[in-house]
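Structure first, then comments.
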Amino acid sequence: MPASKAKPLVSRLLADYCDRHDLSLVIDKALGHAGYIANKAGKRSFFVGTRFDLNPLGASEIARDKAYTAEFLRRDGFPVPDSLLINSPSSIAVLSSRQPGYTDALMGFQAAERFAETVGFPLFAKPNDGKEGSDVFKVRTRAELSSILNNLFQRHDRVLLQQAVTGRDLRVLVLGNKILCAIERTAPEVIGDGRSTLAELAGGINQIDPEDPRLVQTLGDQGYALSDVPATGVAVSLLPTANLSSGGRALDVTQNLPKAIADAAIASGKALGLSYFGADLIVQSAKDASSPDFTILELNAAPGLSMLHRLGPKHAKMVEGIYEQVFEALRQKLEATY
Numbered sequence: 420m421p422a423s424k425a426k427p428l429v430s431r432l433l434a435d436y437c438d439r440h441d442l443s444l445v446i447d448k449a450l451g452h453a454g455y456i457a458n459k460a461g462k463r464s465f466f467v468g469t470r471f472d473l474n475p476l477g478a479s480e481i482a483r484d485k486a487y488t489a490e491f492l493r494r495d496g497f498p499v500p501d502s503l504l505i506n507s508p509s510s511i512a513v514l515s516s517r518q519p520g521y522t523d524a525l526m527g528f529q530a531a532e533r534f535a536e537t538v539g540f541p542l543f544a545k546p547n548d549g550k551e552g553s554d555v556f557k558v559r560t561r562a563e564l565s566s567i568l569n570n571l572f573q574r575h576d577r578v579l580l581q582q583a584v585t586g587r588d589l590r591v592l593v594l595g596n597k598i599l600c601a602i603e604r605t606a607p608e609v610i611g612d613g614r615s616t617l618a619e620l621a622g623g624i625n626q627i628d629p630e631d632p633r634l635v636q637t638l639g640d641q642g643y644a645l646s647d648v649p650a651t652g653v654a655v656s657l658l659p660t661a662n663l664s665s666g667g668r669a670l671d672v673t674q675n676l677p678k679a680i681a682d683a684a685i686a687s688g689k690a691l692g693l694s695y696f697g698a699d700l701i702v703q704s705a706k707d708a709s710s711p712d713f714t715i716l717e718l719n720a721a722p723g724l725s726m727l728h729r730l731g732p733k734h735a736k737m738v739e740g741i742y743e744q745v746f747e748a749l750r751q752k753l754e755a756t757y
């Protein structure tokens with residue numbers, strides 16, 4: 420099947436791979452988002468977006484649930500942030516009606532306040548099944564905790580509160596026992612030119628939503644408002660997260676990844692039964708650079724690479740090489756399991 424520029428990155432690259440390896444590719448006609456590859460014997464391997472037949476279903480579901488991921492990693496001794504899963508008032512009412520007697524186990528606003536008192540501010544609040552950094556808020560005060568949870572509960576039934584951890588933000592991509600790449604991500608920022616307002620500068624980043632309430636909050640933390648004009652050369656952060664889908668920047672640090680971090684990333688996926696995944700870690704500075712302290716934030720069983728692919732020729736070549744290895748693993752599994 421010929422590649423089409425209108426199709427998603429995975430579909431285009433997979434079409435090329437199948438042409439070169441005598442495999443058939445069948446995808447949905449509308450979006451090219453889902454389908455399967457098949458060999459001459461008719462054996463099939465399915466995919467939806469970046470979710471491939473490489474991870475067991477149960478493991479993928481655990482990884483999709485951030486609270487479960489943190490719980491099981493903690494049990495196996497991995498460093499994870501202190502966390503608390505909070506249910507929305509509407510979901511508590513539904514769950515209570517279905518499970519009489521279990522109300523005490525359903526966490527609500529009061530539990531969130533107790534957690535904040537114990538762990539301290541700042542915290543991060545995020546949808547428990549969220550992706551790409553969407554709706555991740557930094558919570559600095561008790562008043563913000565209430566307002567942010569109320570905001571999130573308008574769109575999500577379950578919200579995860581996590582202790583804030585500072586350091587270098589790494590996404591480590593793993594396939595089996597191999598590190599495919601390690602990317603250091605930094606939050607989106609703009610550089611003042613002495614003429615443009617922060618609203619105008621932020622508007623120049625396609626991934627930034629000018630209506631995103633986190634924009635005002637992050638600027639306020641630095642003493643700015645959207646109407647302010649930063650001086651020439653002054654860097655101003657825009658969001659509390661470093662996701663590429665939100666305008667974050669990426670630096671390839673694969674060659675400089677400490678062995679301790681690489682080993683932990685691989686082991687964390689094995690602990691959850693994953694074969695292909697992305698591990699998100701915060702790496703703190705340490706006297707011993709070869710073995711720094713780190714915290715595992717979450718695992719992603721279907722890491723997306725399209726935003727990384729768009730950052731330039733060097734990143735595009737790296738992403739295409741990664742998918743070549745992923746597709747080869749799919750082909751080998753297809754032949755070995757039937």
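Position 197 (the sequence shown) corresponds to 616 in this note's numbering; numbering is contiguous.
Even glycine gets a Cβ: it sits at the ideal position worked out from N, Cα and C.
Note that the structure is predicted; figures quoted are calculated from it, not measured.
Helix, strand or coil for residue i? Go by DSSP, reduced to three states.
{"i": "Gln582", "result": "strand"}
{"i": "Lys550", "result": "coil"}
{"i": "Ser426", "result": "The question names Ser, but residue 426 is Lys in the sequence shown. Three-state DSSP puts Lys426 in coil, outside helix and strand."}
{"i": "Phe746", "result": "helix"}
{"i": "Ala524", "result": "With a pLDDT of 49 at Ala524, under the threshold of 50, the predicted position of this residue should be treated as unreliable, and no value is reported."}
{"i": "Gly454", "result": "strand"}
{"i": "Lys752", "result": "helix"}
{"i": "Gly639", "result": "helix"}
{"i": "Lys733", "result": "helix"}
{"i": "Thr660", "result": "coil"}
{"i": "Thr488", "result": "helix"}
{"i": "His440", "result": "coil"}
{"i": "Phe497", "result": "coil"}
{"i": "Thr537", "result": "helix"}
{"i": "Ala460", "result": "coil"}
{"i": "Ala650", "result": "coil"}
{"i": "Ala449", "result": "coil"}
{"i": "Pro421", "result": "Here Pro421 scores only 44 on pLDDT, less than 50, and its place in the model should not be relied on; the value that follows carries that caveat. Three-state result, Pro421: coil."}
Could you give the first and the last residue of the continuous beta strand (DSSP E) run that contains residue i?
{"i": "Ser646", "result": "Looking at the DSSP string, Ser646 is not in any beta strand (DSSP E), and its letter there is neither H nor E."}
{"i": "Val655", "result": "654-656"}
{"i": "Val555", "result": "First-last for Val555: undefined, no H or E at that position."}
{"i": "Val445", "result": "443-446"}
DSSP puts residue i in a beta bridge; with which residues?
{"i": "Ala481", "result": "A small correction: the amino acid at residue 481 is Ile; Ala does not occupy that position in the sequence shown. None, per the DSSP bridge assignment."}
{"i": "Gly740", "result": "None, per the DSSP bridge assignment."}
{"i": "Thr714", "result": "Ile701"}
{"i": "Asn506", "result": "Arg577"}
{"i": "Phe413", "result": "The displayed coordinates of the chain run from 420 to 757. Any statement about residue 413 would go beyond what the structure contains."}
{"i": "Ala721", "result": "Paired residues: none, contrary to the question."}
{"i": "Leu542", "result": "Val558, Gln582"}
Going by DSSP, what residue range makes up the alpha helix (DSSP H) through residue i?
{"i": "Ser566", "result": "561-571"}
{"i": "Val467", "result": "Here Val467 belongs to no alpha helix (DSSP H); instead the beta strand (DSSP E) covers 463-467."}
Going by CA-CA distance only, name the one from the options that's closest to residue i.
{"i": "Gln581", "options": "Ser615, Asn570, Lys545", "result": "Lys545"}
{"i": "Arg590", "options": "Arg614, His440, Glu551", "result": "Glu551"}
{"i": "Phe466", "options": "Lys459, Pro475, Asn474, Gly454", "result": "Gly454"}
{"i": "Asp671", "options": "Leu693, Ile715, Ala644, Val738", "result": "Val738"}
{"i": "Phe450", "options": "Asp435, Pro427, Gly461", "result": "Here residue 450 is Leu; the residue named in the question, Phe, does not match the sequence. Cα-wise, what sits closest to Leu450 is Pro427."}
{"i": "Ala681", "options": "Asp501, Glu536, Ile715, Pro659", "result": "Ile715"}
{"i": "Pro722", "options": "Leu579, Asn474, Leu617, Leu504", "result": "Asn474"}
{"i": "Thr537", "options": "Gly613, Asp441, Ala583", "result": "Ala583"}
{"i": "Pro649", "options": "Leu617, Gly622, Ala669, Val635", "result": "Leu617"}
{"i": "Arg668", "options": "Arg729, Ala686, Ser704, Asp631", "result": "Arg729"}
{"i": "Ser664", "options": "Gly611, Ile624, Val635, Pro677", "result": "Ile624"}
{"i": "Phe534", "options": "Asp554, Gln626, Thr560", "result": "Thr560"}
{"i": "Leu432", "options": "Ala486, Ala748, Glu743", "result": "Glu743"}
{"i": "Ala530", "options": "Leu727, Ser479, Leu504, Arg493", "result": "Leu504"}
{"i": "Val655", "options": "Ser464, Lys462, Ala621", "result": "Ala621"}
{"i": "Phe528", "options": "Val555, Ser553, Asp548, Glu563", "result": "Glu563"}
{"i": "Arg633", "options": "Pro607, Arg614, His452", "result": "Pro607"}
{"i": "His575", "options": "Asp588, Asn596, Gly549", "result": "Gly549"}
{"i": "Ala720", "options": "Ile610, Gly595, Gly666, Gln751", "result": "Gly595"}
{"i": "Ile602", "options": "Leu700, Thr660, Asp501, Tyr487", "result": "Leu700"}
Practice item. Write down every uninterrupted run of the alpha helix (DSSP H) in the region 581-632 whose length is 4 residues or greater and which is fully enclosed by it, in chain order. Key: Complete alpha helix (DSSP H) runs here, min 4: 617-622.
Review point. In the region 664-708, which residue ranges form an unbroken beta strand (DSSP E) of at least 3 residues, counting only runs that do not cross its ends?
Key: 668-671, 695-702
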